[in-house]
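What follows is a set of notes on a single structure, which appears directly below.
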Amino acid sequence: MSQVHSTHASTFVHRHKAYEGSQTSPADLAAHYQTQDAFPGANAASSNSPPPCDTMVQSCGLESLLVSLRKKALRVRVTIGIFSLLLAVLMDCSHLQVFKSAWVDQRANKRDPLLVGLTTGILAVGYREDPVLLKGCLKSLRAMRYQRNLRVMLVIDGNEPKDEYMAQIFMEFFDKHGATVFRPSFLSMDLEANDNKREDLVRQVAHHPGPVCVMQPHKGKRSAMYTGFAALLQQGVETVVVTDSDTYLDPNACKESPMVGAATGNVKIHNKGTWISFLSSIQYWFMFNLDHGAQSYHSAVNCVSGPLGVYRMSIIRDVMDSWARQTFLGVLCIYGDDLHLTNLVLRQGYKIKYSHYASCYTDTPIKYIAWVTQQTRWSKSYFRETILLGRMHLHNPWMTYALLYKLIYSIFIYNLIKSIYFGTRSQVLWWLVSVSLVSILKTIYAVMVTGDKMFFFTTAYGFLQMFGYAPAKIQAALTLYDNSWGTSARLVRNFTKLQNHVAPVCWGVFLIFGVIHNPIR
């Protein structure tokens with residue numbers, strides 16, 4: 072074998088020197104080596120085999136395709152792996168919270184029967200609410216079974232003739248219980264604590280023996296809640312249950328109050344008649360039973376929901392003034408009252424818990440634009456509170472984890488845009504497969520826990536997030552300066568404002584153009 076290689080090498084050197092010795096140009100040299108092989112007999116065999124360059128191109132093309140597929144598969148595995156790891160931690164913590172809640176119930180059943188719990192007042196607030204929803208809310212308040220509930224109070228955020236129907240409905244439900252209506256022409260939060268008018272109102276409301284309704288000038292939910300807090304502090308109750316006027320409380324919602332700073336319960340959707348509201352009910356289940364359940368295991372629920380929240384009044388006394396007068400970019404904050412109050416409780420060093428044994432039913436938007444507007448408002452609150460969190464991670468490391476978990480969605484949106492406009496069709500397919508696999512994982516978990524077949528539509532909710540939640544996030548980030556509520560009162564249900572349509576329509580056009588542009592490119 073060595074002799075053969077030696078012969079070939081010597082032949083190559085001899086031919087190279089002979090040709091190089093002649094008077095030739097560099098171009099002739101290049102042509103010579105392109106047309107003649109260095110080894111004898113190669114030309115005879117070349118007619119029976121493919122050209123070496125074509126073989127090399129085919130080999131390199133196949134190899135590059137395999138490398139590309141390996142990279143894409145690795146990218147999918149990493150994406151799913153990171154999100155699945157975060158999701159698995161949430162699921163594990165949620166399971167532990169369920170077991171922990173069952174353990175707490177066993178302890179509660181063994182406790183002294185003479186121990187009846189903390190004194191509580193129930194505070195509902197509303198603005199031009201749908202009469203049907205308001206009646207359902209008041210009916211649930213009247214049926215509340217907690218034996219140490221000392222006060223039922225409704226604060227109406229408006230005192231115009233158009234708001235009178237809410238007071239009339241309140242009297243229909245509680246007239247036999249000694250109810251009364253107060254109509255102050257001022258706002259408690261606008262006056263000093265020692266102002267005579269404020270003191271007189273708070274004293275009259277606190278000392279009235281029956282249910283109370285307060286109609287005050289319209290200024291937002293925080294102002295209405297502030298009036299209720301001031302009256303309940305005067306009465307001396309230990310805790311307050313805060314709810315919305317479109318929410319039905321479960322009769323046993325106040326049966327247990329954890330010995331913590333605040334707590335929230337399982338919020339469910341009662342108007343599941345459209346696809347939007349039905350898919351929202353799936354979102355609510357995961358948000359409360361998965362996210363809040365995991366956060367509760369670490370005693371750091373990041374949002375005490377507005378429809379059902381329990382607060383310790385001693386904490387409310389310390390934070391209510393700064394909470395009611397919160398500003399952002401120099402403007403008084405209207406929305407995000409529940410999220411900011413939650414953060415203030417956490418900053419005080421208290422724990423916040425979630426219990427799926429306390430539940431309520433609330434109203435949700437039934438149309439796409441209204442739903443996107445709601446998600447935009449919630450996203451604004453999240454962005455604003457994230458900026459104001461400061462060193463919250465030093466209070467509880469779980470808060471850092473929760474924030475990182477929420478940031479994953481932004482990465483998914485970036486990956487989607489990059490894949491549609493700059494990637495190949497296979498990359499878009501891999502993105503869809505990644506999202507679908509995560510949805511399937513969540514579906515399996517929900518069905519195993521509840522046995523409810525509605526969670527087979529979890530993947531469909533993922534597409535609703537793609538076309539609705541994403542533009543809401545983008546619009547919220549770009550319009551943090553806008554402090555409006557975004558929607559009108561439910562009685563009017565006017566969601567035809569042009570600004571509410573801009574983000575979802577532009578996002579839909581953006582996605583459709585990208586899908587069309589990708590195969591053409």
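Yeah, the sequence shown ends on 592 if you go by this note's numbering, and it's all consecutive. Don't be surprised by glycine CBs; every beta carbon is placed ideally from N, CA and C.
- In the three-state DSSP reduction, K524 falls in the helix class (H, G or I).
- Pairing W442 with G539 gives a Cβ-Cβ distance under 8 Å.
- P202 and E243 have their C-alpha atoms some 12 Å from each other.
- Taking 8 Å as the upper bound for CB-CB distance, H289 and D246 are not in contact here, some 25 Å apart.
- For R418 and V506, the gap between their C-alpha atoms comes out near 35 Å.
- Assigned with DSSP and collapsed to three states, F399 falls in strand.
- V576 and F241 have their C-alpha atoms some 41 Å from each other.
- The segment 424-432 and the segment 364-378 touch, with three or more beta-carbon pairs separated by less than 8 Å.
- DSSP places S211 in the uninterrupted alpha helix (DSSP H) bounded by P202 to R213.
- Between S510 and T495 the beta-carbon gap is near 23 Å, outside 8 Å, which marks them as no contact.
- Apart from sequence neighbours up to five positions away, the residues of its chain that approach L212 with a beta-carbon distance below 7 Å are I193, A195, V223 and L320, ordered along the chain.
- The beta-carbon separation of T298 and S259, rounded to 5 Å, stays under the 8 Å limit for a contact.
- Contact between M286 and V313 does not hold, since the beta-carbon distance rounds to 19 Å and is not under 8 Å.
- Nearest to Y428 by C-alpha distance, out of Q446, A334 and W346, is A334.
- With distances taken between CA atoms, W578 lies nearest to A543 out of N486, A543 and A548.
- Per DSSP, the continuous alpha helix (DSSP H) segment holding V443 begins and ends at Y439 to L459.
- The Cβ neighbour count for P232, taken over all protein chains shown within 10 Å, is under 16; the residue is labelled exposed.
- Distance from the Cα of S348 is smallest, within the candidate group P436, N414, W394 and G291, for P436.
- Contact annotation: Y532 and Q354 have beta-carbon atoms nearer than 8 Å.
- Distance from the CA of V520 to the CA of R274, rounded to the nearest whole angstrom, comes to 48 Å.
- F493 counts as exposed, since fewer than 16 other beta carbons sit within 10 angstroms of its beta carbon.
- Taking a C-beta distance under 8 Å as the contact criterion, A547 and F454 qualify as a contact pair.
- Straight-line spacing of the CA atoms in L262 and R269 works out to 7 Å.
- Per the DSSP secondary-structure output, N220 pairs in a beta bridge with T191.
- Taking S256 as reference, the option from D408, D271 and L474 with the minimal CA-CA separation is D271.
- Shown here for C404: same chain residues with a beta carbon closer than 6 Å to its own, the five before and five after excluded, namely Q397 in chain order.
- Proximity to V390 across T413, K451, I583 and M525 peaks at T413, based on C-alpha coordinates.
- Excluding the 5 residues flanking it on each side, K513 has same chain C-beta neighbours closer than 6 Å at T529, in chain order.
- Distance from the CA of G307 to the CA of R216, rounded to the nearest whole angstrom, comes to 20 Å.
- DSSP places D315 in the uninterrupted beta strand (DSSP E) bounded by T310 to D315.
- In the DSSP assignment, I423 falls within the beta strand (DSSP E) that extends over I423 to T433.
- Leaving aside the five residues that flank S352 on each side, the residues in its chain whose CB is nearer than 8 Å to its CB run, in chain order, K339, I340, K343, T435 and M525.
- The residue among N267, R293, H248 and R254 with its C-alpha nearest the C-alpha of G281 is H248.
- Contact annotation: L460 and R388 have beta-carbon atoms that are not nearer than 8 Å.
- Less than 8 Å separates the beta-carbon of S316 from that of E200.
- Contact between G336 and V416 is ruled out by a C-beta separation of about 16 Å, above the 8 Å threshold.
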